[in-house]
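Undergrad:
In the working numbering, the protein residues as written are 272 to 430.
1. Are there three or more Cβ pairs, one per stretch, closer than 8 Å when the region 335-344 is compared with the region 296-305?
2. Using 10 angstroms around the beta-carbon of residue 327, count the other beta-carbons present and answer buried if the total reaches 16, otherwise exposed.
3. List the endpoints of the continuous alpha helix (DSSP H) containing residue 316.
4. Determine, using beta carbons only, whether residue 337 and residue 309 come nearer to each other than 8 Å.
5. Among 324, 325 and 333, which residue has its Cα nearest to the Cα of residue 294?
6. Please state if the CB of residue 330 and the CB of residue 288 are separated by a distance shorter than 8 Å.
7. Which residue wins for smallest C-alpha separation from residue 316, given the options 324, 296 and 335?
8. The alpha helix (DSSP H) with residue 298 in it runs from where to where?
9. On the criterion of 16 or more Cβ atoms from any shown chain inside 10 Å, does residue 412 qualify as buried, or is it exposed?
10. If I measure Cβ to Cβ from residue 410 and keep anything under 8 Å in the same chain, skipping five residues before and after, which residues do I get?
11. Express the C-alpha separation of residue 299 and residue 314 in angstroms, rounding to a whole number.
12. According to DSSP, simplified to helix, strand and coil, what is residue 332?
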């Protein structure tokens, strides 16, 4: 999309004013940002800024928007690096079924009496409450993510 956009705009660059050319590169930078191509986005925004500053009379509004877009690209880049460093689970391929379910599945025998099941569940709840109070939020999130990625429950999630 960016290449086609530039080919159309740059077909006859002599007809474009420097401000219009700068705006075209700004638009290309926004398109690249939207699709996560942050290196290309930054290059396009730098080109827009260079074109804008070489014209002599600087359009302050356009200058402001280009600089804001550059800050946004840097923020996205920082966010991506932080996410990859903080959680190695994000690097794994997650099955599509995970998007639709947050359910934990229990494969225990169904032959148990209902009273026994209720008593066991109450005891389990007390144990889990004490266990959950001792863990940090980060540990809870990692455990839930690992549970969702566990291949033994993928078929149940898809069902």
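Positions of the beta carbon are idealized from the N, C-alpha and C atoms, including for glycine.
TA: Looking at the coordinates:
1. The region 335-344 vs the region 296-305: in contact.
2. Counting Cβ neighbours within 10 Å, residue 327 comes out exposed, since fewer than 16 surround it.
3. It spans 309-325 - the alpha helix (DSSP H) in which residue 316 sits, taken as one unbroken run.
4. With a cutoff of 8 Å on beta-carbon distance, residue 337 and residue 309 are scored as not near each other.
5. Proximity to residue 294 across 324, 325 and 333 peaks at 333, based on C-alpha coordinates.
6. In this structure, the beta-carbon distance from residue 288 to residue 330 does not fall below 8 Å.
7. The shortest C-alpha separation from residue 316 is found at 296.
8. Unbroken alpha helix (DSSP H) run through residue 298: 289-305.
9. Residue 412 should be labelled exposed.
10. Excluding sequence neighbours, residue 410 sits near nothing in its chain.
11. Using only the alpha carbons, I get a separation of about 10 Å.
12. DSSP places residue 332 within a helical segment (H, G or I) once states are collapsed to three.
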